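Notes for the one structure printed next.
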Amino acid sequence: MVVQKGDLRKLFEVTDFYQTVDRDRVFEKLDLAVKVAEKRSSCCRPMKETEMGRVQ
Numbered sequence: 007m008v009v010q011k012g013d014l015r016k017l018f019e020v021t022d023f024y025q026t027v028d029r030d031r032v033f034e035k036l037d038l039a040v041k042v043a044e045k046r047s048s049c050c051r052p053m054k055e056t057e058m059g060r061v062q
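Residue 38 in my numbering sits at position 32 of the sequence shown, and the numbers go up by one each step.
Have a look at this one:
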């Protein structure tokens, strides 16, 4: 989720939003959200058989 407005961040603070969505999943800019998602995706995907042979 991308947060663009200060008022929206304040609303998240006074509601239970952050109990449902972790703060590290809320970003101020879309490009940062995409970069983090790509990094999380690449670190957690299963290794291919050819990659497994190289890791030792």
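For glycine and all other residues, C-beta sits at the position ideal for the given N, C-alpha and C.
Computed from a predicted structure; not experimentally measured.
At what residues does the alpha helix (DSSP H) containing residue i begin and finish?
i: arginine 15; result: 12-20
Which of the three DSSP states is assigned to residue i in this structure?
i: valine 40; result: helix
i: valine 27; result: coil
Using a Cβ-Cβ cut-off of 7 Å (strictly less than) and excluding sequence neighbours within five positions of residue i, which residues of its own chain qualify?
i: arginine 46; result: none
i: glycine 12; result: none
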